[in-house]
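Note that the protein sequences, when read in sequence, are chains A and B.
Our numbering applies: residue 1 is where the first sequence begins, and numbers increase by one.
Our numbering applies: residue 719 is where the second sequence begins, and numbers increase by one.
Quick reminder that beta carbons are idealized off the backbone N, C-alpha and C, glycines included.
Notes follow once the structure below has been shown.
There are 2 protein chains.
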Amino acid sequence: MKTAKYVNFLLAAIVMASSISTLYAQTPTANAITPAQLNFMPVPASVQIQTGRLPITGSFSVAVKNYADDRLRAGIARMLKRLAGRTVLTLPADLVTDEGAATLVVQCGRAGEIIPSLNENESYTLEVNDKHARLTAPTVVGALRALETFLQLLQGDRDGFYLPAIKIQDQPRFPWRGLLIDVARHYEPMEVLKRNLDAMAAVKLNVFHWHLSEDQGFRVESKKFPKLTMLGSDGLFYTQDQVREIIAYARDRGIRVMPEFDIPGHSTSWLVAYPELGSAPGPYKIERGAGIFEPALDPTREQTYKFLDTFLGEMAALFPDEYMHIGGDENEGKQWDRNPQIQAFMKEKGIKDNHGLQAYFNQRVLKILQKHHKKMIGWDEILHPDLPKDAVIQSWRGPASLAEAAKEGYNGILSAGYYIDLVFPAAEHYRADPIPLNTSLTAEQAKHILGGEATMWGEWVSPETIDSRIWPRTAAIAERLWSPRNVTDVEDMYRRLSIINRQLEELGLTHEKNYGMMLRRLAASDDTAPLRTLASIIEPVKEYRRYQQRPQTMLSPLTGLVDAARPDSETARRFNSTVDAFLADAPRFALYRSELEGILEEWRNASRRLGPMIDKSPALQEARPLANDLSAIAEAGFEAMSYLSSGDAPTTDWRQAQLAKLDEATKPKAALEFVVVNSVRKLVIAAGELPQLRLMTAVEWNKRVMTLANPPAAPAMQ
Amino acid sequence: MKTAKYVNFLLAAIVMASSISTLYAQTPTANAITPAQLNFMPVPASVQIQTGRLPITGSFSVAVKNYADDRLRAGIARMLKRLAGRTVLTLPADLVTDEGAATLVVQCGRAGEIIPSLNENESYTLEVNDKHARLTAPTVVGALRALETFLQLLQGDRDGFYLPAIKIQDQPRFPWRGLLIDVARHYEPMEVLKRNLDAMAAVKLNVFHWHLSEDQGFRVESKKFPKLTMLGSDGLFYTQDQVREIIAYARDRGIRVMPEFDIPGHSTSWLVAYPELGSAPGPYKIERGAGIFEPALDPTREQTYKFLDTFLGEMAALFPDEYMHIGGDENEGKQWDRNPQIQAFMKEKGIKDNHGLQAYFNQRVLKILQKHHKKMIGWDEILHPDLPKDAVIQSWRGPASLAEAAKEGYNGILSAGYYIDLVFPAAEHYRADPIPLNTSLTAEQAKHILGGEATMWGEWVSPETIDSRIWPRTAAIAERLWSPRNVTDVEDMYRRLSIINRQLEELGLTHEKNYGMMLRRLAASDDTAPLRTLASIIEPVKEYRRYQQRPQTMLSPLTGLVDAARPDSETARRFNSTVDAFLADAPRFALYRSELEGILEEWRNASRRLGPMIDKSPALQEARPLANDLSAIAEAGFEAMSYLSSGDAPTTDWRQAQLAKLDEATKPKAALEFVVVNSVRKLVIAAGELPQLRLMTAVEWNKRVMTLANPPAAPAMQ
C-alpha cells in the first residue's frame, strides 16, 4: 500500500516538453500519412513514414518464414481474429506457403526464452509498402510485439481498410514492464486475468505480478498446506491447474508470471489456518477491513522457516519465473514488540530493532529461495546491506530511492508513480519516469533500473470494476516503460489513448461497457441520461481518501456511484480545455461560447432530473448532494458567462457567493469529487475581473485570471 | 434446424386475450401495491397482494429452518450478493440462528433430487409482511426458485428499499423448461455457459440442453476416442472436467444438463476423425458452411454400433441426467442412397426407405442407451411405432404433431414456436403454447406434454452476441412454460420483460452492454449516436434469410451491423404504437405529434451524419443503403405529418412516390430490415385518405387507414 511519498514524487516529476513528432523521420510527400494519424501505443523506437498504402481486403494472407512454432501461429491467429472483427472481412484462417503471395510475411529467428525472462529479445522491424508487409524479429516474442503494432496501424477510409506504408524499428526501453494485480483483497476470476493478460500484450507489457496473499485472503492452492485456502480464502482461490493455465496463457503472449507471497506482514490469512506461525497466539480471522494490520509471521521460530521452505519450494516448482516476490512491506512489528519470546530472541542475537529482525527474516527466506533456485524481489523495505546483488527492489518510494539502490549495485523497478489504485489521471503516471532526465545515475548505474510496474491494489475493485481501474490508464504507463524517454507529449498521449481504449474492448475488457450497466442498475432504469451526465464529470477521490470518507469492508458491494464513476474523466478534460480557450478569447468571449452554454445547459437539466430519479432509486441516495452541487456549478457557470458576454462586471457579493458555492462543490461527497469546479471558478473569477480587462491587455488579464483561479487550497491533482 | 412448419404454426397460434390482472386476488386498500407495480417473470401461479411493506436495510438477515445444505446456502449467498449489488448495502454474509430476528426465514423440507430430474418438486410459498418474509419449500430447488421471486419483489422509493407485503403460492405449469445452446457450430466458452445458466435460473428454466456435436464441430472430450476433438473441434471443446464443472454449476441452480449427440446426420465432425463410420468413403473435413449436409453414420455396419456403444457409454457415465438426446433430425439419406452396400442391406432386411433405415438405426441406438440406463429423446423424426413409451419427442413441427404423439402415449416437449435463432419478437414466442387452448387432448393425454425448450442454434452467434440472441426473449418463453396458461397479456409481458432484462445484466450477461461496444468498433469511434439511431430500428432478417442474403462461413467474423442489431426492437415497438395513437386522434392529429416529429427529426439527422461516418469506417459500407432508406423513411414521415397537421390532402402522385420509396425501404439490405416502415406507410396512407375523413367518422376513417396500410405483401412478422 506504500503510500507515503507518492504524492510528493508526482509533484516533483519532471514534465518533459519535447513532442512526439520529433520521433518520426518523415519523407515529406503529398499523400503520406502524418504522425497525428498514427495511433501507436506505445510509440515505437523509430518510425519512418513512407508513401503509399497496403490495402487490407478479404484476400489478406500471412506466410511465416524461417522459424515458426505453435506460439507464433496462435499469435497470428489471434491477430487475424481481431483484424477480421474490426474489418468484418472473412479472412483465410490458414497460413499460405507462398511468401510472394502473402500480404504479411512473418520472419522469425528462433523461439525465444523457453521460460519468459528478463533476457528476452523483444525487438522487431516492420515494413509496410504498397504490396505487402514484412515483419522481422529475432524471437517469437518480438514477432508477437510486432503483430500488436501491425494491428495498431490499421486505418480505413472510403476506399477501404489499409495500412500506411511505413518502416518501424522497435525495441523496449526497459526489459521489465509489469502490471501487479492484487487478487487477494478481492478475488478475480480466471477470465478477468485472461482478458487483462490480453490487454497487457496489446500494449507490450511483459510481467504479470500476481499478488496472491494478503491479510484478506490466500488465493493459491497448496497441496502441502491445503488449509491455507480451505480456511483463508472463502473458497475463492486458484487451483494449481488454474495457475498453470494462467502461466501458459501468459507465456503464449510473451508475458512472465511472477507470484508474490507477502511476508512477514500482510499474512493474516495464512495465520487463520496456521496460527502457530504467528507472532501472537491467535486465533485469527480473515481480515475484512482495509489498512495495515498487525499479524506477522514469527521470525524467531525454526518452525516458520520449515513451513516456508516447504511452501515456497512447492510454489517455486509451480511458478517457473526466475523471481519470487516476498513482499516485505508495511510490517510495523507491533506483534513482535509485544511478544516476550521474540524480544528475548532479538536480545540474544543482538538485533537492535524490528527492521533488523525483518532483515534477519529476509536472510533466512533468501536462503530458502536460493535453495529453490529463485531470485528474491521485494518492496523497498527489503533493502539491507546483506541483500545479495541479484535481488530486485520494487520501489514504492520513488526514483530517488531506486537510484540510491542502483548506486549500491542493486537492480530495481519503479512502482511509485504507477499506483493506479490511487485514481490519478493517466497524465500523472505518464510523467513518472524510472530514470528521470535529471537522474544522478551514470549510464552504467542506470542499467540497474530494469523498468517498472503499475499496481492494481484490490481494496476497491470487483470483477465488474477492475478493468476500468486498470484501463486505459495503464496503457500510458506501458508507453512510458517501452517508448523512448522523449515521448512525453501529454496531449498526443491522450489522443492515442482514446483510440487504444476502444481497441482494448475487442479483447473482452469491460472498462467501457460496464459503465452503462452499473448506471442502469443504480437508476433501476434504462434511462440513465442525467446520471450519466453527472457521472461523467465526477471522479472517485484520490489516494486513500475513499476508505476514510466512505468506510466499507471487503464484503461490501462495489456497485455504488463511486464504483461506476471512473478515473481520469475525458469529459472534464475536454470541458476544462474549452473553458481555457473561451477565456483566452478575451475580450470577445465568442469562441466556444455556445458549446460551453450547451454543456452547462446539459448539467442544469441533469441536476433537475436527478432529484426524481434519486427519489425512485434509493441506491442513489448518496448522489443527492452531488446533484445539488451540479446545479450550483451550472448556475455559477451560466451567470459568469452571461457577465462575460455582456461585458458588465458583477458585484463583489455575487463573486463571493459563487465562490462559496463552488468551494462547497469542491468538497467530496460519497467519496466522489467534481473535476470541473476549477474551470467554473475561472469563469466566475474572470467575470469578477472584467473591470481589470479594460486596464490591461487580454493576455495579461487572462494570465491574472488563471493565477487567481488556482488557489493553493485546490486539490493537488485536479 | 427444423424449419418447415414454423411460420405457419406461429401464424396459427392462438392469441389469448385474458389479462394478467385476473391472476391477482387483491385486497383493495389505500396504500397497497397494484399488479402493474409487480415485476415478476415468470408470473407465479397465485399471488395475493397484502397491505404494508418490509423495509430492506443493512441489517437484513436470513435464517434457515429445518433442512439446509451447501446448495441452499450457496443459493442464499448468491441472492444476498445480488441484493447487495442493487441496494449498495453491506449485508451480513453469515446466516443468523435466531429465526425471530431474521428478515427472511427460509424453511426447506429436504434436498430434492440428488440428480436434478423431471420429478423435482419446484413449488414454494413466499409470504411477506411488515416484519419479515417467510419462504417455505418442500425442496431446496423450490427454495431456489423462491429466492428468485424474492429478488423480483424488491422495490425502492424515497423511503428506501422494500418488499411489498404479499402472499405467493407457486409451482410450474410444466416440469420441462429448457434452453438449447448449440455450442457446436460456434464454440462458447465456459463463462458464456455459466452466465446463461445463471440467467436460466433467474427465470426458472430447468433444463440446459447442450447441443454438443454437429457437422461443424465436436465439442466434448472423449477419452475413448480422443481423435473426435483432436481432429473435429479446431481445439475448441470442453474437457470432461469442464463438463463436470458445468453439471455441478447447473445442479447448484436446480438445472438439469442434457447432452445431445446428433446422429446419424449432422455428423461430419465425427467422420473427420473416424471416416470409417461414414456412409461414404471420405476423407471428411470440418464443415464450414451452414445448412443440411450429406454425411451420415453408416447404420448397416456393426462397427458403427460398437463405436456408439463405447462412446455413448462413456458419455452416459459423464452426464448423470436420465435422458440422452440423439438428435435424429434432418438426415436426408443422400449418402445412403448412393452406397450399394447400404442399399443391399436394406433389400436384405426388407427396409423400404430411408425413414425405415433410420428407424432401424434408432432401435439399435435405443438398446445401447438402455444398456447404459438412459432414456432416449430425439427430434420429431425419431417417432416410430417401435419407439418405447419412455422416449421423449422434441417437436420442431408444432403442438399438433406433439398432440398426435401424446395420443399415442409418447411424452413430448415443444420447440416449434421457441426457435429464438429465427429472430422473431418475444410476443410471437409468447403466443406459442405447448397445450393450446383449443387442444384436442384429454387431460390424461395432456400429461404427456412435458413442456418446451427455446433453441439457440449457433450458426450466427459468437460469444459476443449470443446473450443478445437469447435474452431477454427467452424470459418470455420461460414464463409461458412456468406460469398459468391464462397469463397472456403481451403488453404487460413487455413491461415486465424490460425490467427483467436489466436485472439479467447483474449476472454478467452482455446482451445490453455489448451493443454499444459493437457499434463503437463498427464506427471506429466513440461517437456512435447516428449509428445507434439506425441500429435501434432495424432487425436482422427473420427465419433463415440471413444466410441467403449475406452468405458467410463459420469462420467469418460476427461483428457486422447485422450482429450488432438486435431482435425485437423496443424503440420500433414504441414508435409503432405512438403512430397508431397519433392516427387515432383524427381529425386533430395533435396527440403525440411533437413526440413523433422529434423521432423523425432524429432519424433525419442520423441519416445525414451516417454518410461521413461510413466514409471513415469501411466496416460500415454495407450500411450505406440503409442510411439512404432511413432518410427516405424520415422524409416520408415528415411530409405525411405535415399534410395531416394542415388537413391539406396530398396528390396521388405524392402518395405513390412515397409508397414506392417505402417499398424500397422494406427490402432487406445487409440482412437487416427496418421494423418501422409499416407505421410510416400508415402515415402516408392516412395523409392520402384525408379527403375521406370528411365523409366518415374518425373511427371509421382510422379503421380504413389501418386496413389499407397492412397490405398482404408486408412481412408477416412485423
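- Per DSSP, B:Val1208 has no beta bridge partner at all.
- Taking a beta-carbon distance threshold of 9 Å, B:Ser1243 counts as an interface residue toward chain A.
- If you draw a straight line from the Cα of B:Ser1360 to the Cα of B:Pro1248, it comes to about 24 Å.
- Against B:Lys1334, the close residues of chain A are Gly156, Asp157 and Arg158, in the order they occur along the chain (beta-carbon pairs closer than 9 Å).
- Annotation note: the region 445 to 484 of chain A contains the following uninterrupted beta strand (DSSP E) runs of length 3 or greater, listed N- to C-terminal: 449 to 456.
- Contact annotation, B:Arg863 with B:Lys922: C-beta distance approximately 5 Å; criterion of less than 8 Å satisfied.
- In this structure, B:Ala1405 and B:Leu1338 do not form a Cβ contact; the two beta carbons are roughly 33 Å apart against a cut-off of 8 Å.
- When secondary structure is reduced to three states using DSSP, B:Val765 falls in the strand class.
- Taking the C-beta atoms as reference points, B:Glu909 is found nearer than 9 Å to B:Gly1226.
- Counting only the Cα atoms, B:Ile1403 lies some 10 Å from B:Pro1368.
- Out of B:Glu1230, B:Arg1250 and B:His1229, the CA that lies nearest to the CA of B:Arg1238 is found in B:Arg1250.
- Taking the C-beta atoms as reference points, B:Lys1379 is found nearer than 9 Å to B:Ala1354.
- Within 10 angstroms of the beta-carbon of A:Lys349 lie fewer than 16 other beta-carbons, which makes it exposed.
- The Cβ atoms of B:His927 and B:Leu897 lie closer than 9 Å to each other.
- The contact set of B:Lys1231 on chain A, defined by CB atoms closer than 8 Å, consists of Thr510, Lys513, Asn514, Gly516 and Met517 in chain order.
- When beta bridges are read from the DSSP output, B:Gly935 appears opposite B:Glu932.
- The straight-line gap separating the alpha-carbon atoms of B:Leu822 and A:Glu332 is approximately 43 Å.
- Distances from the CA of B:Lys941 to each of B:Thr957, B:Asn1072, B:Leu798 and B:His929 were compared; the closest alpha carbon is that of B:Thr957.
- Counting along the chain, the unbroken alpha helix (DSSP H) around B:Pro1248 starts and ends at Ala1247 to Ala1253.
- In the three-state reduction of the DSSP assignment, A:Val64 falls in the strand class.
- Taking all protein chains in view, the Cβ of B:Ile833 is surrounded by fewer than 16 other Cβ atoms within 10 Å, so the residue is classified as exposed.
- In this chain, the beta strand (DSSP E) harbouring A:Lys167 covers Gly160 to Asp170.
- For A:Pro42, the number of other beta carbons within 10 angstroms of its own is at least 16, and it is reported as buried.
- According to the DSSP assignment, A:Leu672 belongs to no alpha helix (DSSP H) but to the beta strand (DSSP E) extending over Leu672 to Phe674.
- With fewer than 16 other Cβ atoms from the protein chains shown falling within 10 Å of its own Cβ, B:Gln1088 counts as exposed.
- With contacts defined by Cβ atoms closer than 9 Å, A:Arg397 and A:Ala416 form a contacting pair.
- B:Asp875 is positioned such that its CB atom lies closer than 9 Å to that of A:Pro618.
- Close to chain A, meaning a Cβ-Cβ distance shorter than 8 Å, are the following residues of the region 1262 to 1278 of chain B: Gln1270, Thr1271, Leu1273, Ser1274, Pro1275, Thr1277 and Gly1278.
- Per DSSP, reduced to three states, the secondary structure at B:Gly1130 is strand.
- Judged by beta-carbon spacing, B:Leu1279 lies beyond the 9 Å limit of B:Leu1348, meaning their Cβ atoms are not closer than that value.
- Per DSSP, the continuous alpha helix (DSSP H) segment holding A:Gln341 begins and ends at Pro340 to Lys349.
- Contact between B:Leu1030 and B:Ile1086 holds, with the beta-carbon distance rounding to 5 Å and staying under 8 Å.
- Assignment of A:Gln552 by DSSP, reduced to helix, strand and coil, places it in the coil class.
- Using a 10 angstroms sphere on the CB of A:Lys447, the tally of other CB atoms stays under 16, which defines it as exposed.
- In the structure shown, A:Asp157 falls within a strand segment according to DSSP collapsed to helix, strand and coil.
- Of all residues in the region 792 to 804 of chain B, those with a C-beta nearer than 8 Å to a C-beta of chain A are Lys799, Ala802, Gly803 and Arg804, reading in chain order.
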